[in-house]
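S.K.:
Number of protein chains: 2
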Amino acid sequence: MAMKVRAVQFGCGPIGCSVARFAGRRSDIEIVGAVDIDPSIAGRDLAEVAGLGEKLGVNISGKADAVLSQTKPDVVFLTTVSSLKVVYSQLEKCIKAGVNVVSSCEELSYPYREEPQLSAELDKLAKANGVTVLGTGVNPGFLMDVWPLFMTGVCQEVKHVRVVRIQDASTRRGPFQKKIGAGCTNEEFKKRVAAGTLRHVGLAESVAMIASGLGWELDEVTTSIEPIVAKGQVKTNFVTVEAGQIAGVRQVGRGIRAEKELITLEFEASVGAPQSYDGVYITGVPNMEVIIKGGAHGDISTAAMIVNSVHRVVEAPPGLVTMKDLPVVSCLGVNV
Amino acid sequence: MAMKVRAVQFGCGPIGCSVARFAGRRSDIEIVGAVDIDPSIAGRDLAEVAGLGEKLGVNISGKADAVLSQTKPDVVFLTTVSSLKVVYSQLEKCIKAGVNVVSSCEELSYPYREEPQLSAELDKLAKANGVTVLGTGVNPGFLMDVWPLFMTGVCQEVKHVRVVRIQDASTRRGPFQKKIGAGCTNEEFKKRVAAGTLRHVGLAESVAMIASGLGWELDEVTTSIEPIVAKGQVKTNFVTVEAGQIAGVRQVGRGIRAEKELITLEFEASVGAPQSYDGVYITGVPNMEVIIKGGAHGDISTAAMIVNSVHRVVEAPPGLVTMKDLPVVSCLGVNV
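Protein sequences appear in the order of chains B and E.
At position 12 of the first sequence the residue is numbered 12 (our numbering), and the sequence of numbers has no breaks.
If you want our numbering, it's the 1-based position in the second sequence plus 1000.
1) Hey, V271 (chain B) and V234 (chain B): beta-carbon distance below 8 angstroms or not?
2) Let's test the definition: count the other Cβ atoms within 10 Å of the Cβ of T132 (chain B) and tell me whether it reaches 16, buried, or not, exposed.
3) Any beta carbon from chain B within less than 8 angstroms of C1017 (chain E)'s own beta carbon?
4) Check whether the region 1256-1263 of chain E touches the region 1275-1286 of chain E, counting contact only when three or more Cβ pairs, one atom from each stretch, lie closer than 8 angstroms.
5) Please return the same chain residues whose Cβ sits closer than 8 angstroms to the Cβ of T1071 (chain E), not counting the five positions on each side in sequence.
6) Would you say N1100 (chain E) reaches chain B, if we count a Cβ-Cβ gap shorter than 8 angstroms as a contact?
7) Go to S1301 (chain E), then tell me how far its alpha helix (DSSP H) extends in each direction, as first and last residue.
8) Just the Cα atoms here: how many angstroms apart are D1325 (chain E) and V1019 (chain E)?
9) Does M3 (chain B) pass the burial test, meaning 16 or more other C-beta atoms within 10 Å, or should it be called exposed?
10) Can you list the residues of chain B that D1325 (chain E) reaches, using a CB-CB cut of under 9 angstroms?
11) Grouping DSSP H, G and I as helix and E and B as strand, with all else coil, what is D123 (chain B)?
12) Would Q167 (chain B) be called buried (16 or more neighbouring beta carbons within 10 Å of its own) or exposed?
13) What first and last residue would you give for the alpha helix (DSSP H) that runs through M1209 (chain E)?
14) DSSP on S69 (chain B), reduced to helix/strand/coil?
15) Along the region 1139-1160 of chain E, what residues have a CB closer than 7 angstroms to any CB found in chain B?
16) Looking at the secondary structure, which residues open and close the beta strand (DSSP E) in which E1268 (chain E) lies?
17) Quick check on the DSSP output: what are the complete alpha helix (DSSP H) runs of length 4 or more inside the region 29-106 of chain B, in order along the chain?
18) When the Cα atoms are used, what is the spatial distance from P111 (chain B) to E48 (chain B)?
19) Please list, in chain order, all residues of the same chain as P227 (chain B) whose beta carbon is under 7 angstroms from its beta carbon, the five residues on each side excluded.
20) Let me know the secondary structure DSSP gives F10 (chain B) once reduced to three states.
21) Answer with buried or exposed for E1268 (chain E), where buried requires no fewer than 16 other C-beta atoms within 10 angstroms of its C-beta.
22) Would you mind giving the Cβ-Cβ distance between W278 (chain B) and L143 (chain B), rounded to the nearest angstrom? I have them listed as a contact below 8 angstroms.
23) Which one of B:I306, B:T152, B:N139 and B:Q177 has the shortest CA to CA distance from V164 (chain B)?
24) If you count every other CB in all the chains shown that lies within 10 Å of the CB of Q1251 (chain E), and 16 or more means buried, which is it?
25) Skipping 5 residues on each side, what residues in its chain have a beta carbon closer than 7 angstroms to that of Y88 (chain B)?
26) Along the alpha helix (DSSP H) that carries G3 (chain B), what are the first and last residues, could you check?
27) When we look at the beta-carbon of A1120 (chain E) and count the other beta-carbons within 10 Å, is it buried (16 or more) or exposed?
28) Beta strand (DSSP E) containing A247 (chain B): first to last residue?
29) Exposed or buried, what is V1328 (chain E) when buried is set at 16 or more other beta-carbons lying within 10 Å of its beta-carbon?
30) Between B:S61, B:L46 and B:I60, which lies nearest to E54 (chain B) when the distance is taken from Cα to Cα?
31) Listing by chain order, which chain B residues have their CB less than 8 angstroms from the CB of V1290 (chain E)?
32) So, is P73 (chain B) buried or exposed, given that buried needs 16 or more other C-beta atoms within 10 angstroms?
33) What residues in the region 1062-1091 of chain E bring their beta carbon closer than 9 angstroms to a beta carbon of chain B?
34) Are the beta-carbon atoms belonging to G1319 (chain E) and A1126 (chain E) less than 8 angstroms from one another?
35) For H160 (chain B), which residues from the same chain have a beta carbon less than 7 angstroms from its beta carbon, with the 5 sequence-adjacent residues on both sides left out?
36) Cβ atoms of T1152 (chain E) and V1146 (chain E): under 8 angstroms apart, would you say?
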């Protein structure tokens, strides 16, 4: 069995709690600290907030520096925000404390193209402090970047990569249905898109990671977002969407070179989608069509990737790394 | 673009020729030498034997030591035999010449359980000579070992792993149809199984790699082999199989702990199989069902994996490695 890893949970919202629930059950991980800025959960036991059965004896603190210096963890699970610019000061804290980081920050999953300056600074800082920094999750971090790249390993030529993620959100959490715009009007949808609160983050990063893994220099990476409109009434446990109202969101990421589209990533999440699945379609030698029936589970799988990556990150050479740089991340360390 | 890799093709049979055809087309690889013990191809240009369009200016030699010392390659593509014991002296030659090795030797794909002594010696020798040694291919090396492990990365718990590879051999090469026993009688099938000439090699290694990647200690790894009998007449371009004759082979590898089957690998290749596909079925949290429609292409994909691994192997720290130790192998280096 691998060494026992001491971890601090930094960010105790829905994703952080889901990570803590999984990490808290693992015999190869010990949660030694928890950080969140929300005063309403300060001082409470992480286990209670996250819904773990037994108390962990770990109280949530608002003071990241103090927690890091007192607990001296091997790794921080950083699950706060999607924006690399916003998360940067938190990353800096962890790195300067000499702690490895696995983060759900989507823009950290492959930041080299969108944020070359910040990426270079992060890499330098991580190396100077002897720690490894990784952004991961189910998407970005797996479905639309590493998984298609992994599948190209059995190809002799790749001309085009298409990845499709179709999610029927009807059975997901209420907040998720709200997040994708289910039940709102076209006007509200536009407002929320403009405010940046309604979107899957990571498509541009996924396009860039695929291109890099295939040795492709892209001229352009584009992303688009549009509403999926309900054709008939859709009722879930949380919302009723009338015909003509918004059922969810469709986003497309594209990688273009010499006016040719080489990479197409199609992301759809809506209530009442006919079926959920993830698909990789490679045009090449040979063509490949690979399907995850029912699709990977968003909530379970993001926490899984973050926690399952932990030994790879602790063992990796220092620096900023991405999922394609790490050896295969498997569900190690859980007893059957 | 990655550095240009200088390669020697060691073994110029069907797999070696297929590797040479792919490597010979890649701008990031230069084939600088070729070795084979078959006197009928000695002295001939590798390109001509392998069916590459242009001459490579590389003549096939029977003298491995001389080729290695004269060409000083970065890597050897070693595509000779399936048995690690038999291939060992060839590996030794390459390693002592200071050359990295990527081999199609199935028993090298994960040799630690079946050949612990040889594995330890190989690892020691590779480290002493500063080179990396890898066994890979489409299976073992991908479909029944690294692929299922890779998919468990999005799981929080794994209770059972099942991998199914069903191949309709009707459209494959004649020698492949013969290899799987198509058209032979039950008696001949038994004889060839006893002689070890009719079987997919690598199931035990694949079971062991999966177990290792999940942190499972197995009590037992078993493999079985049985004929698939044609129910009606099957005609291919190469053979006619009558009802009652052998259409192909079915092999099952199992990983067992405490009398419980945790890993099940089912391999079937026969003429007239209803459809080809590869499937990974994970029982866990969540359950996963992942399908490669039509199945990965045996011939193309084995050469792809061997050649696509080359940069990862050249860059890896010295020693014996397996596919699960390497960062993601993608189809890097081929221009679209």
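Even glycine gets a Cβ: it sits at the ideal position worked out from N, Cα and C.
M.R.: The short version:
1) yes
2) buried
3) no
4) no
5) R1006, V1008, V1032 and G1033
6) no
7) G1298 to N1308
8) 22 angstroms
9) exposed
10) P327 and V328
11) helix
12) buried
13) L1203 to L1214
14) helix
15) F1142, V1146, L1149, F1150, T1152, G1153, V1154, C1155, Q1156, E1157, V1158 and K1159
16) K1260 to S1270
17) 46-50, 64-71 and 84-96
18) 34 angstroms
19) G181, N186, F189, I246 and V249
20) strand
21) buried
22) Reading off the sequence, residue 278 (chain B) comes out as Asp, not Trp. Contact holds; Cβ gap of about 5 angstroms.
23) B:N139
24) buried
25) L118
26) First, the amino acid is wrong: residue 3 (chain B) is Met here, not Gly. Segment: none, M3 (chain B) is in no alpha helix (DSSP H) and carries neither H nor E.
27) exposed
28) I246 to R257
29) buried
30) B:L46
31) V290, I291, I292 and K293
32) buried
33) none
34) yes
35) L262 and T283
36) no
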